[in-house]
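Below: one structure, written as structure tokens.
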Amino acid sequence: MRDFLYLAPLQSFTDHHFRNAFQQTLGDVDRFYAPYLKMSNDGTIKDGPKQDVLPKNNPFEEVVPQLMACCAEDFLTMANYLSDLGYQEVNWNLGCPYPMVAKRDLGSGILNKPEKVLSILEEVIPKTKLKIGIKMRMGYEDTTDILTLLPALNQFPLSEVIVHARYGKQLYTGGCDYDRFEESIPLSKHRLIYNGDIATVEDFRILKKRFPSIHHWMIGRGAVSNPFLFEMIQENECEKPEDWKEVFHDFLILLLESHLNESSNEGNVLIKMKHFWEYFSSSFENDTGVYRKIKKTDSIKEYQDQIEQILLA
Ligand SMILES: Cc1cc2nc3c(=O)[nH]c(=O)nc-3n(C[C@H](O)[C@H](O)[C@H](O)COP(=O)(O)O)c2cc1C
Numbered sequence: 467m468r469d470f471l472y473l474a475p476l477q478s479f480t481d482h483h484f485r486n487a488f489q490q491t492l493g494d495v496d497r498f499y500a501p502y503l504k505m506s507n508d509g510t511i512k513d514g515p516k517q518d519v520l521p522k523n524n525p526f527e528e529v530v531p532q533l534m535a536c537c538a539e540d541f542l543t544m545a546n547y548l549s550d551l552g553y554q555e556v557n558w559n560l561g562c563p564y565p566m567v568a569k570r571d572l573g574s575g576i577l578n579k580p581e582k583v584l585s586i587l588e589e590v591i592p593k594t595k596l597k598i599g600i601k602m603r604m605g606y607e608d609t610t611d612i613l614t615l616l617p618a619l620n621q622f623p624l625s626e627v628i629v630h631a632r633y634g635k636q637l638y639t640g641g642c643d644y645d646r647f648e649e650s651i652p653l654s655k656h657r658l659i660y661n662g663d664i665a666t667v668e669d670f671r672i673l674k675k676r677f678p679s680i681h682h683w684m685i686g687r688g689a690v691s692n693p694f695l696f697e698m699i700q701e702n703e704c705e706k707p708e709d710w711k712e713v714f715h716d717f718l719i720l721l722l723e724s725h726l727n728e729s730s731n732e733g734n735v736l737i738k739m740k741h742f743w744e745y746f747s748s749s750f751e752n753d754t755g756v757y758r759k760i761k762k763t764d765s766i767k768e769y770q771d772q773i774e775q776i777l778l779a
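So the sequence shown is numbered by this note's numbering: it starts at 467 and just counts up by one.
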């Protein structure tokens, strides 16, 4: 069986601008996931993520939208919105680690209350046409919650369970718990997707060897840092393609144009581009020098000149 590769949702990075530029220039991703929808305090869905999933903003391959909810009512409000837009599937975020979120039983904060997760699923599944997948960490305070939750999830017709092999309170520090992930594999009858810390082809090879029954892999930060990673994994090739600089340049121009088409505030767009380079610069041998050059740019014109110099000179 071949390996299937998914681009992880990364709020403020893998939005429709990024996904569309990616799909026009790069490839080898089997599924794209959009960052999560969530409710505002006034009971409506937050506007930014709502725009992100509009079909007009997603003209290329199918995207799986995500939502974050800690009660059936909010879940269904967002699921109905997505279903009305024509989506067939939604991913439920049980991974967000931030304390402000987790203390309200959202994201990974609900993982140590399995009865709550199950009762939400019991209520929403009969009331939505959407297939439901889950993206979870392995627990909130530690990685033991998954041992209770995965077997209990077997009673539901889920499309998949994506597991980021950390616990919530870790945030992004420390390593993934590979032993716990391995222990979890036989507990699920659902399609399991491994996620966490795949940054190189070598990382992928090690994990593939360790988890031979896993054929679905989700990659986030590693793919933003090196958007050629999917292609390199599929081709089992540790080096970037020969023409990577030209392709990456085309990708960056599309990304920039897409933002400029949507925002008249060039200053904000420039800040956004610089933010990306915190990841992109790691593709270069002289990563600090490259990042410094980009950070120094004061206008979109200077930014365009700089990426041309860095990539095409
Ligand atoms: C800046 C940032 C934003 C993220 N936003 C989301 C999100 O909207 N939904 C989600 O499920 N996970 C989100 N994540 C988690 C990633 O999807 C992924 O699970 C995590 O980064 C581990 O995978 P990686 O090591 O391949 O990056 C985010 C992570 C980062 C660093």
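Virtual Cβ for every residue (Gly too), placed ideally from N, Cα, C. What you are looking at is a predicted structure, and each value in this text was computed from that prediction instead of being measured.
Does the Cβ of residue i have 16 or more other Cβ atoms within 10 Å, making it buried, or fewer, making it exposed?
i	result
P515	buried
M566	exposed
P475	buried
S704	One point to set straight first is that residue 704 is Cys, not Ser, in the sequence displayed. With fewer than 16 Cβ atoms within 10 Å of its Cβ, C704 is classed as exposed.
M467	exposed
N702	exposed
Y660	buried
F479	buried
N557	buried
N559	buried
K675	exposed
G755	exposed
G641	exposed
I685	buried
I672	exposed
To which residues of the same chain is residue i closer than 7 Å at the C-beta, ignoring the five residues directly before and after it?
i	result
A443	The requested residue 443 is not part of the displayed model; the chain covers only 467 to 779.
K759	Q772 and I776
K593	L542
G733	none
K706	F694 and M698
L577	L560, M602, R603, G605, Y606, D611, L615 and G634
Indicate whether residue i and residue j have their beta-carbon atoms separated by less than 7 Å.
i	j	result
L637	V590	no
A487	F717	yes
G605	H630	no
L720	Y769	no
R497	G561	no
H482	N524	yes
E555	L584	no
P563	L548	no
N471	W743	The sequence shown places Leu at residue 471, not Asn. The answer is no: Cβ separation not under 7 Å.
F670	I628	no
K635	E607	yes
L430	L533	With the chain represented from 467 up to 779, any question about residue 430 goes unanswered, as that position is not in the structure.
K740	K767	no
Q489	E527	yes
D469	H681	yes
Excluding the 5 residues flanking residue i on each side, which residues of the same chain have their C-beta closer than 8 Å to its C-beta?
i	result
L492	P693, F694, F696, E697, V713 and F717
D753	S747
G552	P521
K569	G575
L778	K711, E712 and H715
S817	The structure shown does not extend to residue 817, since the chain spans only 467 to 779, so no value can be given for it.
K512	L503, K504, M505 and S506
Output needed for residue i: all residues of its chain with C-beta closer than 6 Å, excluding positions within five of it in sequence on either side, in chain order.
i	result
S650	I612 and L616
D518	D481, H482 and A500
A535	F541
N727	none
With a cut-off of 8 Å on the beta carbons, I'd call residue i and residue j a contact; round off their distance for me.
i	j	result
N620	K655	5 Å
T609	D643	5 Å
Y586	S625	Sequence check: residue 586 is Ile here, not Tyr. Going by Cβ atoms, the distance from I586 to S625 rounds to 16 Å, so no, they are not a contact pair.
M505	D550	That belief does not hold up - the Cβ atoms of M505 and D550 are roughly 16 Å apart, past 8 Å.
E648	F622	23 Å between Cβ atoms; not a contact.
Quiz prompt | Ranges of the beta strand (DSSP E) found wholly within the segment 637-667, counting only runs of at least 3 | solution = 658-661
Practice problem: Give, in chain order, every unbroken run of the beta strand (DSSP E) that is at least 3 residues long and sits entirely within the segment 549-601. | Solution: 555-560
Quiz prompt | Inside the segment 687-753 only - alpha helix (DSSP H) runs reaching at least 4 residues | solution = 687-691, 695-700, 710-728 and 732-746
Quiz item: Which whole runs of the beta strand (DSSP E) in the segment 488-512 are 3 residues long or more, in chain order?
Solution: 497-503
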